[in-house]
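Structure first, then comments.
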Amino acid sequence: MEMPEGDKVLKPGSPERPLRVAIVGSGPSGFYAAESLLNAKDLSVQVDMFDRLPTPYGLVRGGVAPDHQKIKNVVMVYEKIAARPTFRFFGNVMLGRDLTVEDLRRHYDQIVYAVGNESDRRLKVPGEDLKGSHSATAFVGWYNGHPDWRSQDFDLTQTAAAVIGIGNVAVDVTRILAEDVDVLAKTDMAEHAVEALRSSKVKTVWLLGRRGPAQAAFSPAELKELCELHSTDLVVRPEDLTLDEVSKAALEKDPEGRKNYDLLVEQSKKGEGSHERKIRLLFCVGPAELIEKNGRVGQLKLDVNELTPDGRGGIKAKATGKTMTIDAGLVFRSVGYHGIPITGVPFDEKSGHIPNKDGRVLDPQGAVLPGAYVVGWAKRGPSGLIGTNRADSVATAKCMLEDVPALPPGDAEQRTAEAALAVVKSRQPDFVSFQDWKLLERLELSRGQKKGKIREKFTTVAEMIAAIKKAKTEALVAK
Ligand code: NAP
Numbered sequence: 062m063e064m065p066e067g068d069k070v071l072k073p074g075s076p077e078r079p080l081r082v083a084i085v086g087s088g089p090s091g092f093y094a095a096e097s098l099l100n101a102k103d104l105s106v107q108v109d110m111f112d113r114l115p116t117p118y119g120l121v122r123g124g125v126a127p128d129h130q131k132i133k134n135v136v137m138v139y140e141k142i143a144a145r146p147t148f149r150f151f152g153n154v155m156l157g158r159d160l161t162v163e164d165l166r167r168h169y170d171q172i173v174y175a176v177g178n179e180s181d182r183r184l185k186v187p188g189e190d191l192k193g194s195h196s197a198t199a200f201v202g203w204y205n206g207h208p209d210w211r212s213q214d215f216d217l218t219q220t221a222a223a224v225i226g227i228g229n230v231a232v233d234v235t236r237i238l239a240e241d242v243d244v245l246a247k248t249d250m251a252e253h254a255v256e257a258l259r260s261s262k263v264k265t266v267w268l269l270g271r272r273g274p275a276q277a278a279f280s281p282a283e284l285k286e287l288c289e290l291h292s293t294d295l296v297v298r299p300e301d302l303t304l305d306e307v308s309k310a311a312l313e314k315d316p317e318g319r320k321n322y323d324l325l326v327e328q329s330k331k332g333e334g335s336h337e338r339k340i341r342l343l344f345c346v347g348p349a350e351l352i353e354k355n356g357r358v359g360q361l362k363l364d365v366n367e368l369t370p371d372g373r374g375g376i377k378a379k380a381t382g383k384t385m386t387i388d389a390g391l392v393f394r395s396v397g398y399h400g401i402p403i404t405g406v407p408f409d410e411k412s413g414h415i416p417n418k419d420g421r422v423l424d425p426q427g428a429v430l431p432g433a434y435v436v437g438w439a440k441r442g443p444s445g446l447i448g449t450n451r452a453d454s455v456a457t458a459k460c461m462l463e464d465v466p467a468l469p470p471g472d473a474e475q476r477t478a479e480a481a482l483a484v485v486k487s488r489q490p491d492f493v494s495f496q497d498w499k500l501l502e503r504l505e506l507s508r509g510q511k512k513g514k515i516r517e518k519f520t521t522v523a524e525m526i527a528a529i530k531k532a533k534t535e536a537l538v539a540k
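Here you go:
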């Protein structure tokens, strides 16, 4: 029997019934997923992107160091995506607080989790939680004006700090501790951080790698910046640069590693340098214990490691039984990020990721969870540069598009832009649209201009919402 015309069930993806996608998280991976879906040929797609913060861009705003402004230019690409008529941004809307996964399933055909890794890996050594021991995540969030970390307190009256780990985040943290404040003051670094760093007493920053120079996770560009700091010397011990056979062979196949190594050799020749402030980079030392002194961390006990083959063609660190102790009244643990679970979304505690196969979320039994996808660090773990996320998000989007023909039609009345907007409005009347964000951004830029810096960020959600409301009211009055 033929269906009457009016009752025809429309498949998602047609102009009359667009494919409705919710993207949770507005960092690079979320934007690249949006771009890829909105570019799909012969398919009508509507994307709604949610962020728990009123501001978009994830780690580009809250993670990339303030003295790395060029990297932040990538947001111009995201702005173009956000300008598409079939894209909407809902900032200040949090999954688990304002909306549930069930809400999203009701209003969207597909959900993409682009939630990153918002926590940090643990060291699992005694004293890790002593006062004065902080995660790099907290420090980075604090200097970048992330509302979560706004009220952190770092005791910069200490003269020695230690950064554990030698990835790019560790190098960022080290550089911010050692950079001239006048340089930082012109960036978009949050004012509270500029002020605190201006009176910093830190004169020694230990940068500590558990393996050798050939296994360093930092990139040559980041290392070079440490070598070129205005008023701090990077001190590298020549004896740390002797390579074992496996490391030598590895460097032959690793041009970036080779560049790092050559830079380190050059730097080691400069010795102690002439500045009062030093970064002391040590290799083959692993954290063994944070030692208390006067109610806070005072020293760091380190295992002296040797390098041995790990049996898989790589190199691992093995404690020799020898130890050394350094003074450090501030410790920053920079040993990688870890995900945070979301109610109603599968999560693998051990890896800190959302379990998935090629970006399709898997339930606890290992079966594909229909309509749920993941991108970015939540998919593959905390690795790679911003650009790495593009190919990764494109790959997930490809799976999503392959799955479209098999999608159930859903309740036509609920799967509309209007129905989704109504539920967002009812749960979070202070949601922030992309236009609102641009308004807030203009205010940040003008506050910055007045102070001779790139931008003065708002650093609490309440301030952001109040500023948007005030600007909108003033605009209405002016009309
Ligand atoms: P990462 O690159 O994975 O580095 C983690 C570091 O922690 C490694 O040196 C690792 O040593 C060390 N580590 C891990 N567990 C440890 C332990 N228990 N004790 C001592 N050391 C330990 O992570 P990340 O620095 O957090 O960076 C995350 C991603 O963001 C990376 O892909 C990075 O390149 C990227 N990023 C890029 C930039 C930039 O381009 N400017 C800036 C920031 C971040 P092992 O190698 O021995 O495990």
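According to the working numbering, the sequence shown is numbered sequentially starting from 62.
We put the beta carbon where it would ideally sit given N, CA and C, even for glycine.
In whole angstroms, give me the CA-to-CA distance for residue i and residue j.
| i | j | result |
| --- | --- | --- |
| V436 | K411 | 18 Å |
| E505 | D243 | 20 Å |
| Q510 | R516 | 7 Å |
| K540 | L446 | 45 Å |
| E63 | L537 | Reliability fails at E63, whose pLDDT of 41 lies under 50, so the model's placement of it is uncertain and no value is given. |
| G471 | G432 | 12 Å |
| N153 | I387 | 43 Å |
| P79 | I529 | 31 Å |
| G123 | P89 | 12 Å |
| E66 | E474 | For E66, the predicted structure reports a pLDDT of 49, less than 50, and the residue's modelled location is therefore unreliable. A value from the coordinates is still provided. Approximately 17 Å between the Cα atoms of the pair. |
| A175 | E479 | 23 Å |
| D364 | P348 | 6 Å |
| E163 | V201 | 33 Å |
| S97 | A143 | 13 Å |
| G157 | I403 | 7 Å |
| P416 | V429 | 10 Å |
| P466 | Y398 | 36 Å |
| G442 | G86 | 15 Å |
| D190 | L501 | 37 Å |
| S454 | K486 | 29 Å |
| W267 | H414 | 31 Å |
| E313 | A83 | 45 Å |
| T477 | R373 | 52 Å |
| N229 | K133 | 16 Å |
Going by Cα to Cα distance, which pick from the options is closest to residue i?
| i | options | result |
| --- | --- | --- |
| K192 | V396, L351 and E517 | L351 |
| L269 | V296, D249 and R113 | V296 |
| L120 | Y204, E163, V173 and K102 | Y204 |
| K102 | V522, Q496 and K459 | K459 |
| K247 | R508, I529, P115 and K320 | R508 |
| R272 | P208, V255 and L342 | L342 |
| V232 | L284, D249 and K331 | L284 |
| W219 | Q213, V263, V346 and D209 | Looking at the sequence provided, one finds Gln at residue 219 rather than Trp. Of Q213, V263, V346 and D209, the residue nearest in Cα terms is V263. |
| K141 | R503, N100 and K533 | N100 |
Measure from the C-beta of residue i to each C-beta in chain C and report whether the shortest distance is under 8 Å.
| i | result |
| --- | --- |
| A257 | The question asks about chain C, but that chain is absent: this structure has only one protein chain. |
Measure the CB-CB distance between residue i and residue j and report whether it falls below 8 Å.
| i | j | result |
| --- | --- | --- |
| S395 | G226 | yes |
| D170 | R81 | yes |
| K339 | T265 | yes |
| F344 | D371 | no |
| A239 | T293 | yes |
| A275 | Y322 | yes |
| G177 | A452 | no |
| G74 | L104 | yes |
| L368 | S308 | yes |
| A389 | A223 | yes |
| A311 | G318 | yes |
| A457 | G420 | Correcting the residue identity first, residue 457 is Thr in this sequence and not Ala. In this structure, G420 lies closer than 8 Å to T457 by Cβ. |
| F150 | F495 | yes |
| L361 | V392 | yes |
| R298 | S329 | yes |
| A481 | H168 | yes |
| G188 | V358 | yes |
| T147 | V173 | no |
| V522 | P208 | yes |
| S196 | D181 | yes |
| D128 | L290 | no |
Round the Cβ separation of residue i and residue j to the nearest angstrom and send it over; I've been treating them as touching at under 8 Å.
| i | j | result |
| --- | --- | --- |
| L287 | S260 | Not confirmed; about 23 Å, so no contact. |
| M525 | T116 | 7 Å |
Next item on the list: May I have a chain-ordered list of the beta strand (DSSP E) segments no shorter than 3 residues that lie completely inside the segment 221-266?
Entry: Runs of the beta strand (DSSP E) inside the segment 221-266: 221-225.
Check: Fully enclosed by the segment 262-334, which beta strand (DSSP E) runs are 3 residues long or longer?
Finding: Those beta strand (DSSP E) runs which fall completely within the segment 262-334 and span 3+ residues are 265-269 and 293-297.
Checklist line | beta strand (DSSP E) runs contained entirely in the segment 397-472, provided each spans 3 or more residues | finding: Complete beta strand (DSSP E) runs here, min 3: 421-423 and 429-435.
Next item on the list: Tell me the start and end of each unbroken beta strand (DSSP E) in the segment 132-201 that is at least 3 residues and wholly inside, in chain order.
Entry: Residue ranges of uninterrupted beta strand (DSSP E) with 3 or more members, entirely inside the segment 132-201 and ordered along the chain, are 148-152, 171-174 and 194-196.
Margin query: Just to confirm the assignment: which complete beta strand (DSSP E) runs, minimum length 3, are found wholly within the segment 80-137?
Written below: Those beta strand (DSSP E) runs which fall completely within the segment 80-137 and span 3+ residues are 80-85 and 106-112.
Next item on the list: Would you mind listing the beta strand (DSSP E) stretches within the segment 347-374 that are 3+ residues and don't spill past its ends, in chain order?
Entry: If we require 3 residues or more, the beta strand (DSSP E) runs fully inside the segment 347-374 come out as 357-370.
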